[in-house]
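One structure is given below, encoded as structure tokens.
Residue numbers (my numbering), protein chains in the order written: chain D, 10 to 236; chain W, 10 to 236; chain X, 10 to 236; chain Z, 10 to 236.
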């Protein structure tokens, strides 16, 4: 099952983001993770921030529910929030336990500047703009993690079996995750068909680029910690 | 299983709303429904508007999710949205079918002034204020329907068995619904403990009163239609 | 100085609103006001609700400021809020004094259902949607009052001189007001050029129609009071 | 004219922020500015980001207007937005011209991560919470710049006369600026009296601390650029 990365409005935004997109999905943090050389404390820090990130991500999908124009969209948003808070977060918590992190520890962790910058950007974009602005701001995260891992798995430099990050890669390469990311790509086309138009493209690309740059900064945060 | 109508901050707001609360939960529309004398076209019109109402109600719980301060609150909001769009609305649609209404018809129905006034008041209050303001604006609906039916069932003037509105009363008298309304009462205490204080009470009461008056207007809308 | 009522996207929305637009700008309340036959208590009630209306209208322009994509738009919104709270409201208060109403009285007046319905609809539309949705929801008010008075002044049935409502008509026929309404028409074209597109037209028309209907209800509220 | 830094709820928040507040208002960037040793390119970069910052700051005050509970608060917010977009920004643009920066250049400058993090945090806090949450998030900026400069002026290490940053210090030491910052301190007491209470203090302090940390990061951004 492959991500339709060139499809529709997402494909166009990704293409036009150019080098910025590459810097994000092929960030040294990601490559080191694939090679199994990423220092463990760096990954642990990333896991903690990712926990805080997920809370705001779930809030962003709740906001998308409020901003829905149709009952179908509202239903899909509700399912997305539930998927994050009832499935993904418990999985994350359980996975983090293997890394010696308790949920209480992660909750108490101060939020990094990079975590705040991306999450608040997404939420504020969604409130200042409409549902389409919000969905475009969310897309680099949802799809980018899928692409990052898919490209690692196709990369001979990636070490599989005995890589401490095997399970993490498996999660984002799973059929379940690919289905979620593919649905996000399809949803973007639906929203663009309903609320878009060429006049908005430049502004949507600016949102996509900003979100991509903030995702890159999120990996960079971890990377800089490696000392 | 009885609703704890005098409990905590909800009990205080309900008490202070006084006659306005009585006019809402004991509205002639409600009494006629209990007596089985409510004209059927009036009830059908109410069902149609209630369908549109529920969509915005689900959006209000999605908004509460975005405005949550804790993961527990976010989870509870997500469950509430799912309960409305995945359980309550399909039930409503199935129930309406018995009244000769299809979902397509209800979607196409123009939204009444009264439906707009209450739903937009709740949503706007939630956006201008905080989570506590939002929850107070939602409370008269959630709890009031439960109380209205509980009091009908305790009223000798109510006709049970062969009343065309038996099933409707059963729904709001069910343990499931009483549990939902009781949880809303408890939640209000939790939010007030976290974000409230005496200084806010007067303003919260104004919100509660306005919402109560708008709920009364929602019954009145149906009632006026009876010709 | 004439309002460019057929211009651009506003002209198209107004045309497509059809009879609903006519029912609003030629409402019996308006015609009676022009003829000088509107009962004074009805007008006084309208003035009180209009005071409450203006507060939320100013809030809507403040919201437009937050939702602005450009510094020019932000500046224009700030000027609009100031025009309402620093110029229009003091004028309204001074005018109402001639009708025996003090500001304290108007503040204490309970908000009518119709006032709540329109103002909260506009604000909520602006928050759920984007700046274009908000501006479309505001347009029927800003432009409609100008058109209603312009058509009264062109109508032989209108009584001028000795009409108790002369000053009120003068205000909405003034060059200042026509300039404000014309600027709103121009702004709508600018916003539509930036964020619009045919795909959004149907939804924007639905917003315009709803706002028009709610404005009609606002006149109707006064009219129904006439006893 | 001195800033009442210990007054009311602001004084309490500032006290409880402790070392974090000191790290912000006595940041090496600030001290170097006072000593006249701050590299000019670093200051230029700061000026460019500050331009982008001001746009979002004005949007935050517009949002405060929308979220106002009283007409007086709405008026004060409108005046604050106008003061920023019609007075402070033109002054900033004129001042930046002396540093060789045109408005077009500043508009085209990519927004730094630190600029995004603070501005979006403030806006999102204001939307997720209420007016009090928003005002608390804004306070470290408004008051902190005033305190930072007041303490520079009282510091023998500060060079006055011939310091390239004399005019910048003069602006934040002016009676006009001190009046603005003092009004913000007073406003916080008013909002806390209306919507606060001990129950909210812990959460408000968390907001204040986060905003303080993000302001520190804003200076740090410039400082890190010094190479």
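The beta-carbon is built from N, C-alpha and C at its ideal position, and this holds for glycine as well.
Run down chain X in chain order and give the residues with a C-beta less than 8 Å from the C-beta of residue i.
i            : result
residue 87/Z : 67, 71, 87, 90, 91, 94 and 95
residue 84/Z : 94 and 95
Could you give the C-beta distance for residue i and residue j, rounded to a whole number, given that I count them as a contact under 8 Å?
i             : j             : result
residue 75/Z  : residue 75/X  : 6 Å
residue 193/X : residue 148/X : 6 Å
residue 32/Z  : residue 225/Z : 5 Å
residue 126/W : residue 223/W : 5 Å
residue 53/W  : residue 108/W : 5 Å
residue 86/D  : residue 73/D  : 4 Å
residue 141/W : residue 204/W : 5 Å
residue 182/W : residue 135/W : That belief does not hold up - the Cβ atoms of residue 182/W and residue 135/W are roughly 28 Å apart, past 8 Å.
residue 40/D  : residue 155/D : Wrong, their Cβ atoms sit about 16 Å apart, outside the cutoff.
residue 133/X : residue 129/W : 4 Å
Is the shortest distance between the beta-carbon of residue i and the beta-carbons of chain D less than 8 Å?
i             : result
residue 14/W  : no
residue 137/X : yes
residue 202/X : yes
residue 31/Z  : no
residue 115/Z : no
residue 122/Z : yes
At 9 Å on the CB atoms, spell out the chain D contacts of residue i, in chain order.
i            : result
residue 18/W : Here the premise fails: no neighbours, minimum Cβ distance about 24 Å.
Would you please verify whether the beta carbon of residue i is less than 8 Å from any beta carbon of chain A?
i             : result
residue 233/Z : The chain labelled as chain A is not found among the protein chains of the depicted structure, namely D, W, X and Z.
Using a Cβ cut-off of 8 Å (strictly closer), state whether residue i contacts chain X.
i             : result
residue 75/D  : yes
residue 142/D : yes
Determine whether the Cβ of residue i lies closer than 8 Å to any Cβ atom of chain W.
i             : result
residue 45/Z  : no
residue 126/X : yes
Name, please, each residue of chain X whose Cβ falls closer than 7 Å to the Cβ of residue i.
i             : result
residue 205/D : 206 and 208
Among the options, which has the Cα closest to the Cα of residue i?
i             : options                       : result
residue 22/Z  : 211/Z, 59/Z, 138/Z and 164/Z  : 211/Z
residue 16/D  : 205/D, 232/D and 196/D        : 196/D
residue 120/D : 103/D, 59/D and 69/D          : 59/D
residue 235/Z : 55/Z, 207/Z and 131/Z         : 55/Z
residue 113/X : 92/Z, 79/Z, 100/Z and 99/Z    : 79/Z
residue 152/Z : 88/Z, 221/Z, 229/Z and 49/Z   : 221/Z
residue 174/X : 117/X, 150/X and 161/X        : 161/X
residue 231/D : 49/D, 131/D and 110/D         : 49/D
residue 43/D  : 12/D, 176/D, 213/D and 103/D  : 176/D
residue 92/W  : 171/W, 122/W and 190/W        : 190/W
residue 10/W  : 118/W, 187/W and 206/W        : 187/W
residue 97/X  : 180/X, 129/X, 228/X and 184/X : 180/X
residue 150/X : 213/X, 102/X, 28/X and 34/X   : 34/X
residue 77/X  : 124/X, 144/X and 19/X         : 144/X
residue 89/X  : 185/X, 57/X and 41/X          : 185/X
residue 81/D  : 122/D, 14/D and 199/D         : 199/D
residue 71/Z  : 201/Z, 131/Z, 167/Z and 102/Z : 131/Z
residue 122/X : 30/W, 219/W, 94/W and 14/W    : 219/W
I want to verify the contact list: residues of chain W whose CB lies under 7 Å from the CB of residue i, in sequence order.
i             : result
residue 61/D  : Residues of chain W passing the Cβ test: none, with the nearest at roughly 10 Å.
residue 194/D : Here the premise fails: no neighbours, minimum Cβ distance about 23 Å.
Does the beta carbon of residue i sit closer than 8 Å to a beta carbon anywhere in chain Z?
i             : result
residue 80/X  : yes
residue 103/W : no
residue 118/D : no
Give the residues of chain D in contact with residue i, contact being defined as C-beta atoms less than 8 Å apart.
i             : result
residue 212/X : 78, 203 and 204
residue 132/Z : 129, 133, 136 and 137
List, in order along the chain, the chain W residues whose C-beta lies closer than 8 Å to that of residue i?
i             : result
residue 225/X : What residue 225/X touches in chain W: nothing, since even the nearest Cβ is about 10 Å away.
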